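Peer 1: Top line first, the protein sequences correspond to chains A and B.
Heads up, the first sequence is in numbering that gives the first Met the number 0, so the first residue is 0 and it goes up one at a time.
Heads up, the second sequence is in numbering that gives the first Met the number 0, so the first residue is 0 and it goes up one at a time.
C-beta: ideal position from N, C-alpha, C; glycine also.
Note that the coordinates shown come from a computational prediction; the quantities given were computed from them, not determined experimentally.
Protein chains: 2
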Amino acid sequence: MKAQRGRPRTFNPDEAVNSAQAVFWQHGYDATSLNQLAEAVGLHKPSLYAAFGDKKALYLKAYDAYVAQATAPLKKALTAPKLRDALTAFFNAGMDLFMADGGRGCFMLTTAVPIASMMDEVAERIKETRATLANALRVRLKTAQDAGEIKAEQDLWPLVSLLSSTHIAIAVRARSGESRESLQATTKAAVDMVCGS
Amino acid sequence: MKAQRGRPRTFNPDEAVNSAQAVFWQHGYDATSLNQLAEAVGLHKPSLYAAFGDKKALYLKAYDAYVAQATAPLKKALTAPKLRDALTAFFNAGMDLFMADGGRGCFMLTTAVPIASMMDEVAERIKETRATLANALRVRLKTAQDAGEIKAEQDLWPLVSLLSSTHIAIAVRARSGESRESLQATTKAAVDMVCGS
DNA sequence: TGAATAATGTTCTAATTGGTACAAAATAAC
DNA sequence: GTTATTTTGTACCAATTAGAACATTATTCA
């Protein structure tokens, strides 16, 4: 945080990563060129390299930033005391995220999944991200089960799986231009199934 | 079908499209180069151009072939007389499709969705493909409703939406390396919800 | 047989790609 | 002020890209 020695930066690295993230989000990894990134960030290529390393490194930073930004509201939503409220808030947070900017969907799904088979670091991150989310849902359902909101003999994994699937599906469908109401019909159905309608 | 005038083709156009489809499926549109395509098809680039036009045209042919190949078993599955059997067969057909070749997922989701925002023809096709599938599901549910398998006052769209979402989600999760059993937990949950467990 | 036709493989090209070398510019320490 | 240090912008590079020119080869029709 102290004054650096050389010429000072004219840009904020966090904002730069966010700008890069937006470009990747819109066009995908392969279709995003360094020139596009440099322009979006407002830098020239050598500065990008000096600050973040190569294209892949910059993408991974954008990915990590996305996970941090996206999962926070989702996890927070799950803290609501009643299960139905928690799940409803969870899906609302998801829709806020996926419907933003005209429905750009999920950064992970749109940009990471297509390149996972060619970049091990990405595949690793996807697995981890999904496991984290699934586990958060499972923990929340377990709490609800202990509180008697879910029958004691109910196996929780199918419910987790249904919720995860719904979350994935609304991300894809948001990207395809569907309306929020249409997505809400799906999420409500999923919540009803878990909580009883 | 009659004998052509000039030098005869040494390849089968349909097989060529299928080979190209496989490459697109694995790497995505942008990351697939014409050289890769030519090698996979067993042709040189000029022959590809002569036969199919440019990269985009070849991709669209691959897409159309996919829709034809993929939707046939799905629609057929829905013809089973009992709703539960029909939906179970529907999801099994989906899993056969998405789990093939080590879990390559859905061609439309993997290759088309990421480029939809940059190619109108693709966006158009996606919409159409999804509408067709959703409609097939709706028609099948309507039949079941008329037969008394679904309560008469039940709105069908939330159910269609749930089934479509499940179908999308298993495609994504298959691509991410999940096991068939894991997906089956999700599809069974969805079927139970529609048919009653 | 020979012209017409349509496919083939080799070779090329203009543009774009991810990535760099290097000098100019801006700051802090001395 | 000078020097060390870091960032910036210009210019460049080798490789790859989508696509095309063109001569060659294999076939049918006359």
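1. Check whether the segment 35 to 55 of chain B and the segment 72 to 89 of chain B touch, using three or more Cβ-Cβ pairs below 8 Å as the test.
2. Taking the alpha helix (DSSP H) that H166(B) belongs to, which residues open and close that run?
3. Please state if the CB of G104(A) and the CB of A56(A) are separated by a distance shorter than 7 Å.
4. Is the Cβ of I149(A) closer than 7 Å to any Cβ of chain B?
5. Starting from S32(A), find everything on chain B with Cβ-Cβ shorter than 8 Å and list it in chain order.
6. Helix, strand or coil: which one does DSSP assign to N34(A)?
7. Between T165(A) and T131(A), how many whole angstroms is the CB-CB distance? I'm expecting something under 8 Å.
8. Taking Cβ-Cβ distances below 8 Å as the criterion, which residues of the segment 17 to 29 of chain B are in contact with chain A?
9. Please confirm whether V171(B) has its beta-carbon closer than 7 Å to some beta-carbon of chain A.
10. My assumption, with CB atoms under 8 Å, is that D29(A) sits in contact with A30(B). Please give the rounded CB distance.
11. Should Q3(B) be labelled buried (16 or more other beta-carbon atoms within 10 Å of its own) or exposed?
12. Taking 7 Å as the limit between beta carbons, can you name the residues of its chain near M0(B), skipping five residues before and five after?
13. Is there a Cβ from chain B that is less than 7 Å from the Cβ of A85(A)?
14. Using the Cα positions of G52(A) and P113(A), report the straight-line distance between them to the nearest angstrom.
15. So what's M107(B) in DSSP terms, helix, strand or just coil?
16. With H, G and I counted as helix, E and B as strand and the rest as coil, what does DSSP make of G102(B)?
17. Kindly give me the distance between the Cβ atoms of G102(A) and G176(A), rounded to whole angstroms, as I take these residues to be in contact under 8 Å.
18. DSSP on Y28(B), reduced to helix/strand/coil?
19. Skipping 5 residues on each side, what residues in its chain have a beta carbon closer than 7 Å to that of V66(B)?
Peer 2: With the given structure in hand:
1. Verdict: no, contact absent.
2. In the second sequence, residue 166(B) corresponds to position 167, counting from 1. Secondary structure note for H166(B): its alpha helix (DSSP H) is the uninterrupted segment 156 to 174.
3. To locate residue 56(A), count along the first sequence from 1; it is residue 57. To locate residue 104(A), count along the first sequence from 1; it is residue 105. No, the Cβ-Cβ distance between A56(A) and G104(A) is not below 7 Å.
4. What you label residue 149(A) is simply residue 150 of the first sequence in a count that begins at 1. Taking 7 Å as the CB threshold, I149(A) stays off the interface with chain B.
5. In the first sequence, the residue the question calls residue 32(A) occupies position 33. When 8 Å is used as the limit between beta carbons, S32(A) is near no residue of chain B, the shortest such separation being about 11 Å.
6. Residue 34(A) sits at position 35 when you count from the first residue of the first sequence. N34(A) falls in the helix class under three-state DSSP.
7. Counting from one through the first sequence, the residue named residue 165(A) turns up at place 166. Counting from one through the first sequence, the residue named residue 131(A) turns up at place 132. Between T165(A) and T131(A) the beta-carbon gap is near 17 Å, outside 8 Å, which marks them as no contact.
8. Against chain A - using a Cβ distance shorter than 8 Å - the residues of the segment 17 to 29 of chain B are Q25, H26, G27, D29.
9. Your numbering for residue 171(B) matches position 172 in the second sequence. Chain A, which has a Cβ nearer than 7 Å to the Cβ of V171(B), makes this yes.
10. Stepping through the first sequence from its first residue, residue 29(A) is reached at position 30. Stepping through the second sequence from its first residue, residue 30(B) is reached at position 31. The beta-carbon separation of D29(A) and A30(B), rounded to 5 Å, stays under the 8 Å limit for a contact.
11. Sequence index remark: in the second sequence, residue 3(B) carries index 4 (1-based). Q3(B) counts as exposed, since fewer than 16 other C-beta atoms from the protein chains shown sit within 10 angstroms of its C-beta.
12. Within the second sequence, the letter at position 1 stands for residue 0(B). At M0(B) the pLDDT is 48, less than 50, meaning the model places this residue with poor confidence and gives no usable figure here.
13. The count along the first sequence starts at 1 and reaches residue 85(A) at position 86. Chain B, which has no Cβ nearer than 7 Å to the Cβ of A85(A), makes this no.
14. Numbered from its first residue, the first sequence carries residue 52(A) at position 53. Numbered from its first residue, the first sequence carries residue 113(A) at position 114. G52(A) and P113(A): Cα-Cα distance of roughly 22 Å.
15. As a first step, residue 107(B) must be located in the second sequence, where it is residue number 108. M107(B) falls in the helix class under three-state DSSP.
16. Position 103 of the second sequence holds residue 102(B). Three-state DSSP puts G102(B) in a helix.
17. The sequence position of residue 102(A) within the first sequence is 103, counting from 1. The sequence position of residue 176(A) within the first sequence is 177, counting from 1. That pair is a contact at about 6 Å.
18. Here residue 28(B) corresponds to residue number 29 of the second sequence, with the count starting at 1. The three-state reading of DSSP puts Y28(B) in coil, since its state is none of H, G, I, E or B.
19. For this step, residue 66(B) is matched to residue 67 along the second sequence. The answer, listed in chain order, is T128.
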